[in-house]
Amino acid sequence: MIGLQTLADPSDTWEIVETIGKGTYGKVYKVSNKKDGSQAAVKVLDPISDVDEEIEAEYSILQSLSNHPNVVQFYGIYYKADLKAGGQLWLVLELCNGGSVTDLVRGLLKRGHCMDEALIAYILYGALLGLQHLHNNRIIHRDVKGNNILLTTEGGIKLVDFGVSAQLTNTRLRRNTSVGTPFWMAPEVIACDQQFDYSYDIRCDVWSLGITAIELGDGEPPMSDLHPVKALYKIPRNPPPTLLQPDKWCRGFNHFISQCLIKDFERRPSVTHLLEHPFIKQAHGKDITLQKQLAHLIETQQQDGSVEKTRHERLCTRKRHHLRASEEGGQDMTDDLVSLEFLDEETIIYHLQKRYSELQVYTYVGDILIALNPFQDLNIYSPEFSKLYHGVKRCSNPPHIFATADAAYQGMVTFSKDQCIIISGESGAGKTESAHLIVQHLTYLGKANNRVLREKILQVNPLVEAFGNACTAINDNSSRFGKYLEMKFTPTGAVMGAKISEYLLEKSRVIQQAVREKSFHIFYYIYAGLYHQKQLAEYKLPENKPPRYIANEEGNIMQDIITNSLYREQFEAIQHCFRSIGFTDEEVHSVYRVLAGILNIGNIEFAAISSKHQTDKSEVPDAEALENTSTLLGIGSEELQEALTSHCVVTRGETIVRTNTVDKAADVRDAMSKALYGRLFSWIVNQINTLLQPDKSICDAESGMNVGILDIFGFENFKKNSFEQLCINIANEQIQFYFNQHIFALEQAEYQNEEIDAALVEYEDNRPLLDMFLQKPMGLLSLLDEESRFPQATDQTLVDKVEDNLRSKYFWRPKGIELCFGIQHYAGKVLYDAYGFLEKNRDTLPADVVVVLRTSENVLLQQLFCSPLTKTGNLAQSRVRITAASRSLPPQLTPGRIKIDTMEIMRHPEETTNMKRQTVASYFRYSLMDLLSKMVVGQPHFVRCIKPNDDRQAQMFCQERVQVQLRYTGILETIRIRGQGYSHRILFEEFVQRYYYLAFRAHETPSATRESCIAILQKARLDKWVLGKTKVFLKYYQVEQLNLLLREVIGRVVVLQAYTKGWLGARRYKKARARRRKSAVVIQSGQLDPSHIEPSLTCKQLKKLKPCYNHTFVQLKCFAKIAAQLHFCI
């Protein structure tokens, strides 16, 4: 690894002469050697304080392999430290004054000429020799293209840019990462982004060279008129490309290209074979002649000034002629539905379906993103695409989830304001994957100096989803909890930490799953992983028969666990997540033991026994599962059995032990399993937050900023819907209400307050429905809590009470079904089965079980049950001190053994006295409040995920299903208000303070008046804006335009400041150097005989020399001594 502090400062050796161009990671300059005057090129990388993989790869290759005439020479690496702006890494390379072959061929085409075939053969010959040198040393270039083949003024051919090159080892002769520039990428490289088991070898460079050969003939690579996304889609599917006019070129050139572009890379020739191709062999022996001919052509081009400078980027933006073509094509493929002239459901669905068929799964509705689930892997999420969606105009690229992440990031950095990205949609619409991609892009945009931190943040989602997601009937990776991830950034935009808030985990899934559904992923991952590691016996898990909690009706779950390689791979991935984030081996081991303990708890069975005095007593007939559980959890088996089969009550100061029936014991067992899993999940989240909390030495919490990402369970409507579905759907009602408030209600209220003449848009307001659920004391959740307090209440009495008290058009009772009621949600009608509602809402855990678990020898288990729950039902972050007494207290001696919630076991500073006997509904209400309090702080960005079909089939678009989702999400109304309205409303004072640079001088302080705002808007040449009484009203796209203009102006100011500071610094340096020389003459003269010195310096003149010596005490003494010797006084 490169140690930045060990590198030399380039200022001592090199001096920048001029700017040559801009590369992928920074600018390229021409530099001059201060010692011998020789010239070179330097790639100055953007401010960094850590070295990433691509830089290290390029440095390693340049250092070891640049001793070849067709590979650019490497002169050294330097580091220029700058604590304020960030250090700069300098890669000093051979100067190739002739430009790139792309520049050369485009210059010729501009003058109406084509490059001579002999010269093309010579250039390809040089490139092949360079590639042969790399391949012989087991290096794949992976980014061969015209811009990376540079020319010297003497006609030399040089390969450059090894940032994405890959080293092959003896054990790994193929690669499986998709990198490169889209138009030049080989089909097998593209496939690696879609098929994880796919790989490629050095012959991918041969394909890229074949595309480069076409570029030398036609001036552009094939499909350059397409956007890179489409090119990546078409390259593997289309036949190999050819020259635009093959007949214009010789058969040898056409055959060479066809050999390079064989799609099956196993049949594609190597560079060694291609060096013997007849077209290339014509350059053999004519090297000197062709080199002189090429040098003369370069000289002619440079004199004529016809060389076109091109950007040397690995991913190009859309070509201008492509933009014009799409505009001329009318509304066939619009990126933004707001731009449609005619609006109705059919038109919207037509556009979405057409885009979906072209794999354009993202579409804008103003500043809102619609994301259709493609149900297949798309190769549009690589780092190259992250570079494409980084601080550019939104219209420069097709709609993308990265564009939404970039908008949030730029808004945070520009306005120093927290942002919030709300991802919504029904289950299976792609919300979780969208959240992954947003985190991925934000991590890229906020590149932290600490590479380990970036890796930790990227591992958070996979870890919590393994514990919080499960397979349902409609979604193989359904979120069974609500997650709000806050990514924390410094004021300059560098990511410095993260925090997760989790809400309402579906704990009941641990003990029971519906038909065709599974428990949480982690149970299957750990079972498969331990099976293949031969560790099932250590965790008391059987190899043949599955534990009851994960067994399915078909009886094939064990076979699935053993044979499905995905489970084993995911177990290894989870282990990597734990290590990367910072969990210790001991903690991970404890987590596995708790999970295995839960599976063993489910195998504990009870039988009824009768005696003279009791007929409803239960016992554990088979002690194996009980012993296994006790061993794994570190508790006594007798104490555990007693806690499961009996409970204590206190009557008039006397403790009475009462036995549990078989059904009651089973309920206690299941309650214990749910509590264990719920608290374990909360503990993992708390540990992640502790390990990822920002370093206070980097930035304090007050000055930092957040981008929050909400990924919550989607709206659900199954054949059988229970209490869990009710909570999930209420949460989605709340998210829909927040969307309506922000998009419709608040905006239209602003129009009225500011007296703006804007047409009002009608929308479906779900506030009455939300009140029916949440209002006190007669809302549905309040009635549920009230009924839960009555010991004799049943699910039937609950349904009757709800029917008697809810007078709403959104509620109904179906005839002929007792335990059932229906709700008309914003997303449609849902029928709920009320069986088990009261028990699930109470979610009680006997104190006897809590006390037993506190006696555990497992430190983790002690923490889980010695820390109380917060208002949202999660484990409190701070740890409670565990005393020896609390661990050793036997259950039968515990005072006050009555059946209570665990909230009553301990009090905690975060809790209040009215939090006793909290129900799931109460936790849920607090969770919604907590979630909304986080969301309202930030500027919201919305992603609406749409499920195109219920069969999870790629390229299948069901118009009816999409239409239903568009209706209940209010997309048609959203399009109207985004087209007619003004989504950005900014106070005059804030607007002038933010944008006054655009119309006023830097030293001016314009007043916050209408006139100042008008001056700024007119200077920016914006139209269709409106001024209210106190605010500027802008269209959704105008703020982006203003920000880009402001960034451009500030960029110019920074450049001017840099040049001015440089000039002032150089002048100060020259003055200081002159003073030092003069001072040195005076001091040296002190060594001569005083009688030969002409006393020409006066005391006053000598005093002027003092500042040159920093005035330290020692220096002043030396000065006094020298002056005394010279017979002067100070």
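Note that full-length UniProt numbering gives residue 532 to position 532 of the sequence shown, counting from 1, and the numbers run on in steps of one. Yeah, the Cβ is synthetic: ideal placement off N, Cα and C, and Gly gets one too.
So is residue i buried or exposed if we call it buried at 16+ other beta carbons inside 10 Å?
i       : result
Met956  : exposed
Ile370  : buried
Ile1050 : exposed
Asp377  : exposed
Ala834  : buried
Leu798  : buried
Pro777  : exposed
Lys185  : Residue 185 is actually Met in this sequence, not Lys. Looking at its Cβ environment, which holds 16 or more other Cβ atoms inside 10 Å, Met185 is buried.
Thr492  : exposed
I'd like to confirm the pairing. Which residues does DSSP put opposite residue i in its beta bridges?
i      : result
Arg854 : DSSP lists no partner for Arg854.
Ile946 : Leu372
Thr363 : Ile370
Leu93  : Ala41, Phe74
Met705 : Phe489
What residues in its chain sit with their C-beta under 6 Å from that of residue i, if we drop five residues either side in the sequence?
i            : result
Ile1016      : Tyr995, Leu998, Ala999
Glu154       : Ala295
Leu770       : Glu733, Phe737
residue 1131 : The displayed coordinates of the chain run from 1 to 1130. Any statement about residue 1131 would go beyond what the structure contains.
Gln824       : Tyr810
Gln748       : Leu760
Using 8 Å for Cβ pairs, my map puts residue i next to residue j. What's the rounded Cβ distance?
i            : j      : result
residue 1136 : Thr432 : Because the chain in this structure spans residues 1 to 1130, residue 1136 falls outside the shown range and cannot be described.
Asn841       : Thr919 : 5 Å
Leu93        : Ala127 : In fact, because the Cβ distance is near 17 Å, the residues do not count as touching under 8 Å.
Val852       : Leu640 : 6 Å
Once you ignore the five residues that flank residue i on each side, which residues in its own chain have a CB closer than 8 Å to its CB?
i      : result
Asp9   : Tyr78, Tyr79, Lys80, Ala81
Ser590 : Asn858, Val859, Leu860, Leu861
Glu989 : Ala1008
Ser357 : Gln955, Phe957
Ala666 : Phe606
Trp249 : Glu117, Gly217, Leu243
Gln291 : Tyr122, Glu154, Gly155, Gly156
Do you know offhand how far residue i's Cα is from residue j's?
i       : j       : result
Asp800  : Arg925  : 23 Å
Ile257  : Ile211  : 8 Å
Arg907  : Leu869  : Reliability of the predicted coordinates at Arg907 is poor, the pLDDT of 36 falling under 50, and no value is obtained from them.
Gly37   : Asn461  : 54 Å
Ser927  : Gln775  : 15 Å
Ala231  : His400  : 16 Å
Val452  : Ser32   : 37 Å
Pro791  : Thr659  : 18 Å
His351  : Gln39   : 56 Å
Ala954  : Pro374  : 6 Å
Thr655  : Val649  : 6 Å
Glu15   : Lys34   : 7 Å
Ala745  : Ala731  : 20 Å
Ile609  : Lys617  : 6 Å
Arg111  : Asp304  : 10 Å
Ala407  : Leu1044 : 12 Å
Thr363  : Asp336  : 6 Å
Phe942  : Ile735  : 11 Å
Leu713  : Arg480  : Contrary to the premise, residue 713 reads as Phe rather than Leu in this sequence. Using only the alpha carbons, I get a separation of about 6 Å.
Leu274  : Cys945  : 49 Å
Leu1027 : Gly497  : 40 Å
Leu784  : Arg1010 : 54 Å
Ser64   : Gln440  : 33 Å
Lys534  : Ala466  : 22 Å
For residue i, I'd like the list of residues in its chain whose CB is within less than 7 Å of its CB, leaving aside the five on either flank, ordered along the chain.
i      : result
Ser856 : Leu633, Gly634, Ile635, Gln862
Arg669 : Ile601, Ile604, Leu644
Pro891 : In this prediction, Pro891 scores a pLDDT of 40, lower than 50, which makes its location untrustworthy; no coordinate-derived value is stated.
Leu261 : Trp207, Gly210, Pro240, Pro241
Thr974 : Val365, Ile368, Ile743
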